[in-house]
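Numbering (our numbering), first residue to last: 8 to 190.
Note that CB positions come from ideal geometry on N, CA and C, so glycine has one too.
The next block holds one structure in the form of structure tokens; read it before the comments.
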Amino acid sequence: MMCVERTLADGMRAGIASGLGVATVHLTYSTLAFVGGMQIMSRPENASFLAFAAGLLLLYFAARLWRRELVAVTPGGIQPSFSRAYCSAIGFGFLNPVTPALCAAALAAFSSQIAAPGGLLPIGVFLGSFAWWLLLSIGLSRLRQRLTLGALTLANRGAAIFLAIFGLSMLLKSCAGLSQVGL
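Okay, here's the thing in structure tokens:
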């Protein structure tokens, strides 16, 4: 949401810088997960336990997002420089407990489908993340004057529903995995 809020408040440049910062954090966490997480995930019971915990966490985030109250952001003030917006996004990303939790959830959800050789997985995560934030920043900057709090609330609710569905599917997958390993 930081990228969205910065784009709406400070324009496309601030949104892109924030998105690049978030993508840098995703690169770091996916590299750490790839190096250490794949060994942990190689045992089916570990993967199922992690998927279960990640599913619960996603349901929690979905509930928080559903109940989130939006506040109108008024443009004005001093616009942050590109490097300041980038660095603050990195700082926020590393200090935000949601980021590693969602990276762990993604690793648990897609561990059976990861076939990227070597270090291609973290690079793919970075490129995909940055492409998403870039497109989002460009789109939001074009719609900036037309978006209302009601429209943003609907977008939050849609994202909450998506997270809830994803969390429930992870819970079901993990329960099936736990029953196969006899737990």
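Check Pro87 in the structure and name its three-state DSSP category.
For the purposes of this step, residue 87 is taken as the residue at position 80 of the sequence shown. Correct three-state label for Pro87: coil.
Measuring straight from C-alpha to C-alpha, what distance separates Thr106 and His33?
Within the sequence shown, residue 106 is the residue found at index 99, counting from 1. Within the sequence shown, residue 33 is the residue found at index 26, counting from 1. Distance between the alpha carbons of Thr106 and His33 is about 8 Å.
As a quick exercise: from Phe56, Leu72 and Ile23, pick the residue whose alpha carbon is nearest that of Phe169.
The residue you call residue 169 lines up with position 162 of the sequence shown. When each option's Cα is compared against that of Phe169, the closest is Leu72.
How big is the Cα-Cα spacing for Ala69 and Ser88?
Within the sequence shown, numbered from 1, the residue matching residue 69 stands at position 62. Within the sequence shown, numbered from 1, the residue matching residue 88 stands at position 81. If you take the alpha carbons of Ala69 and Ser88, they lie about 32 Å apart.
Assigned secondary structure, Gly18 (DSSP; H/G/I helix, E/B strand, else coil)
Reading the sequence shown from its first residue, position 11 is the one you call residue 18. Of the three classes helix, strand and coil, the one that applies to Gly18 here is coil, per DSSP.
Sequence-distant residues of the same chain with beta carbon closer than 7 Å to Ala30, five excluded per side
Mapped onto the sequence shown, residue 30 falls at position 23. These residues qualify, in order along the chain: Phe133, Ser136, Phe137 and Trp140.
Can you give me the start and stop residues for the alpha helix (DSSP H) that Ala7 sits inside?
No information on residue 7 is available, as it lies outside the stretch 8 to 190 that the chain covers here.
Nearest-angstrom Cα distance between Ala96 and Gln152?
The count along the sequence shown starts at 1 and reaches residue 96 at position 89. The count along the sequence shown starts at 1 and reaches residue 152 at position 145. Near 24 Å, if we compare the C-alpha coordinates of Gln152 and Ala96.
Would you give the residue range spanned by the alpha helix (DSSP H) that Asn103 belongs to?
Position 96 of the sequence shown, counted from the first residue, corresponds to residue 103. Segment: none, Asn103 is in no alpha helix (DSSP H) and carries neither H nor E.
Determine the burial state of Ile23: buried for a count of at least 16 other Cβ atoms within 10 Å of its Cβ, exposed for fewer.
By one-based count along the sequence shown, residue 23 stands at place 16. Ile23 should be labelled buried.
Cut-off 8 Å between Cβ atoms - residues of its own chain near Asn163, not counting five sequence neighbours on either side:
In the sequence shown, residue 163 corresponds to position 156, counting from 1. Excluding sequence neighbours, Asn163 sits near Leu72, Trp73, Arg75 and Leu77.
Is Arg74 helix, strand or coil by DSSP?
Reading the sequence shown from its first residue, position 67 is the one you call residue 74. Helix at Arg74.
Beta-carbon proximity of Gly28 to Tyr93, cut-off 7 Å
Taking the sequence shown and counting its residues from 1, the one referred to as residue 28 is at position 21. Taking the sequence shown and counting its residues from 1, the one referred to as residue 93 is at position 86. In this structure, Tyr93 lies closer than 7 Å to Gly28 by Cβ.
Under DSSP, the alpha helix (DSSP H) around Leu134 begins and ends at which residues?
Mapped onto the sequence shown, residue 134 falls at position 127. First-last of the alpha helix (DSSP H) with Leu134: Leu127 to Leu150.
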